[in-house]
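Mapping the sequence shown onto the UniProt record's numbering, position 31 (from 1) lands on 31, and the numbers just tick up by one. Each residue gets a CB set at the ideal place from its N, CA and C atoms; glycine is no exception.
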Amino acid sequence: MEGLHEIDPYELVARSEHPFVRHQVDPADTPLVLALGDALVIDGNRNRTGPSDGSPSLWCLGPTADLARLAGLATDLMEEPGRVSVEAAAYDVLPGAWRLPVSGHWHWMLTHDAPPPHPLEPSVVEVTDAALIDGLLDVANPGSFARPGSRGVECWLGIPGDDGLLAVGALYRDPSGAGHLRSVSTHGSAAGRGLGTAVSAALTRRALAVSGTATLGVYVDNGPALAVYDRLGFRTHVTFRSARR
Numbered sequence: 001m002e003g004l005h006e007i008d009p010y011e012l013v014a015r016s017e018h019p020f021v022r023h024q025v026d027p028a029d030t031p032l033v034l035a036l037g038d039a040l041v042i043d044g045n046r047n048r049t050g051p052s053d054g055s056p057s058l059w060c061l062g063p064t065a066d067l068a069r070l071a072g073l074a075t076d077l078m079e080e081p082g083r084v085s086v087e088a089a090a091y092d093v094l095p096g097a098w099r100l101p102v103s104g105h106w107h108w109m110l111t112h113d114a115p116p117p118h119p120l121e122p123s124v125v126e127v128t129d130a131a132l133i134d135g136l137l138d139v140a141n142p143g144s145f146a147r148p149g150s151r152g153v154e155c156w157l158g159i160p161g162d163d164g165l166l167a168v169g170a171l172y173r174d175p176s177g178a179g180h181l182r183s184v185s186t187h188g189s190a191a192g193r194g195l196g197t198a199v200s201a202a203l204t205r206r207a208l209a210v211s212g213t214a215t216l217g218v219y220v221d222n223g224p225a226l227a228v229y230d231r232l233g234f235r236t237h238v239t240f241r242s243a244r245r
């Protein structure tokens, strides 16, 4: 099959030099990995953002030419996917059955370095009250990927105000030990005061404490957030276009 072969997901994660594969692919939640040349199609992380519906959740990585060949062959070896995330430059070479409606264009970012101190970090506390967290997310980030009780979330950190939380964010702990920042949100009435930056800095320190790696995903058109994460030391390692049924 023109070099097409399957890779054990545990072996892939253990040996890969690709930072996304090494730090964010969960081998226990990865039914299938196919490779050809320098390209990978990973049916993995099916349950990362909620219970899977049983359909493949694909991550497509590698050079466009190799990925086009691999995806063309892989369509005969798996069911139609429910979700596809592909390196942005390669979306147009995916087979038709995989070119689902695009739901996001985003950077996957990483840092190994502690962020500079932020003057508002002493105001950041761990938050365990689900109602307070949901109360802020409902108004500031209703489409949040994380909610209280979400799988893999280690903690929520936030800044309290007189009438609820002013800012909040979650730390998801990957099997690799890397900490992934999620759902950092600021109440509209408190925007522009640096509260989200303070929460992000505190989450980054918490993330780094276990394995020395912090990661996050951010939409490419979110200029203010990109500026914050750049100041905190995060750098883009791969840009995805994600699509779903």
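### Task
Compute the Euclidean distance between the alpha carbons of A90 and A71, then round it to the nearest angstrom.
11 Å
#### Entry: beta strand (DSSP E) segment containing H105, residue limits
V102 to T111
### Task
Give the straight-line distance between the Cα atoms of R22 and V13, rounded to the nearest whole angstrom.
Spanning the alpha carbons of R22 and V13 requires a straight line of approximately 5 Å.
### Query
Are there 16 or more other CB atoms within 10 angstroms of the CB of S189, so buried, or fewer, so exposed?
exposed
### Message
Which residue wins for smallest C-alpha separation from A68, given the options G50, G54, M78 and E87?
### Response
E87
### Query
Just checking my contact of T215 with H180 at CB under 8 Å: how many whole Å lie between their CB atoms?
T215 to H180, Cβ: 5 Å. Contact.
### Query
With DSSP run on the structure shown, which of helix, strand or coil describes P27?
helix
### Same chain only: Cβ atoms within 6 Å of I7, ignoring 5 sequence neighbours per side
V33 and A35, listed in sequence order.
### Task
Give the secondary structure of V41 by DSSP, where H, G and I count as helix, E and B as strand, and everything else as coil.
strand
### Message
Give me the residue from T64, A170 and H105 with the minimum Cα distance to D134.
### Response
When each option's Cα is compared against that of D134, the closest is A170.
### Task
Kindly give me the distance between the Cβ atoms of L132 and G161, rounded to whole angstroms, as I take these residues to be in contact under 8 Å.
The Cβ separation is near 10 Å, so there is no contact.
### Task
Following the continuous beta strand (DSSP E) through A167, name the residue where it begins and the one where it ends.
G164 to R173
### Query
Measuring CB to CB, does A65 end up less than 7 Å from E80?
no
### Query
Is T197 helix, strand or coil when you go by DSSP?
helix
### Query
Could you give the residue range of the alpha helix (DSSP H) that holds I133?
A130 to A140
#### Entry: Residue closest to W108, alpha-carbon to alpha-carbon, out of P119, S123, L226 and M78
L226
#### Entry: Beta-bridge partners of P160, as assigned by DSSP
L165
### Query
With burial defined as no fewer than 16 other Cβ atoms inside 10 Å of the residue's Cβ, what is the status of G62: buried or exposed?
That one is buried.
### Message
Taking the alpha-carbon of D38 as reference, which of N45, L4, S55 and L110 has the nearest alpha-carbon?
### Response
Between D38 and the set N45, L4, S55 and L110, the nearest pair of CA atoms involves L4.
### Query
CB A146 to CB V139, shorter than 7 Å?
no
### Message
Within a Cβ cutoff of 7 Å, which residues of the same chain sit near M1, ignoring the five residues on either side of it in sequence?
### Response
Low local confidence applies: a pLDDT of 44 at M1 is under 50, so the model's placement there is unreliable, and no value is given.
### Query
Among R231, L232 and S183, which has the Cα closest to the Cα of Y219?
S183
#### Entry: Collapsed DSSP secondary structure at R15 in the structure displayed
helix
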